[in-house]
Amino acid sequence: MTDIDLVTPQGPTQTKHLPGDLAIWFFIMAEMVAFAVFFSAYAFTRTKHVEMFNLYQQTLDRNAGALNTILLITGSWFVVMAVKAAHRDEQKAISRNILLGFLCGGAFLVVKVFEYSSKFGAGISMSTNTFYMFYISLTFFHFMHVILGMVILAILWFQSRQGAYGSHHLNGLESGAAYWHMVDLLWIILFPLVYVMH
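Number 187 in our numbering belongs to position 81 of the sequence shown; there are no gaps in the numbering.
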């Protein structure tokens, strides 16, 4: 846990902390930079092929994308509830909310697999055109991050069942939660960028 000393306008110094390990925040920042480069490349390429991108964007299932947005936001809410429960030492609520967050992630993957199977079944691949190259690579890159996030949540759930987290031991839980929120945030950017914006 990383402590940061702040001086308030009233004068006294207060100590705030960055949730989780500092290492996870360096990892999250590195991941965000990688996605930012990817998003920038997509946006730049789109300006060169606006009509093509607009045409093939219409073939995407926006309802599926919107459902997945709701699933990840809901999953993040459950993870927040797990951290709040840990502050109150409510052991059953910690594990229950982590499990619900995990299930939201699993539902996201199921929806995405149906999307992919529809596209691949129609003979679409990364080599079909530039739009599909970005769509498949961007969403699959994110897909793999969801899987990693679910692995982290599964570990947190198992540890929480053993009473590993509480008001005096939040570090691991907060680190895992921070990663999951990053996965959620990236999709909130990716969905409108790839599925919606013209």
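Glycine is no exception: its CB is placed at the ideal position from the N, C-alpha and C atoms.
Pairwise C-alpha distance: residue j and residue i
i	j	result
residue 212	residue 274	30 Å
residue 110	residue 269	Low per-residue confidence applies at residue 110: pLDDT is 46, beneath 50, and the placement is therefore not dependable enough to give any value.
residue 146	residue 197	43 Å
residue 100	residue 257	Residue 100 falls outside the range modelled here, since the chain spans only 107 to 304, and no answer is possible.
residue 138	residue 287	12 Å
residue 279	residue 271	7 Å
residue 189	residue 217	27 Å
residue 185	residue 298	24 Å
residue 265	residue 173	30 Å
residue 134	residue 228	35 Å
residue 250	residue 289	10 Å
Which of helix, strand or coil DSSP assigns to residue i
i	result
residue 301	helix
residue 269	coil
residue 155	coil
residue 287	helix
residue 275	strand
residue 244	helix
residue 134	helix
Buried or exposed by the 16-neighbour rule on C-beta atoms within 10 Å, applied to residue i
i	result
residue 176	exposed
residue 232	exposed
residue 248	buried
residue 152	buried
residue 142	exposed
residue 203	buried
Runs of alpha helix (DSSP H) lying entirely within the segment 182–227, each at least 4 residues, in chain order
197–227
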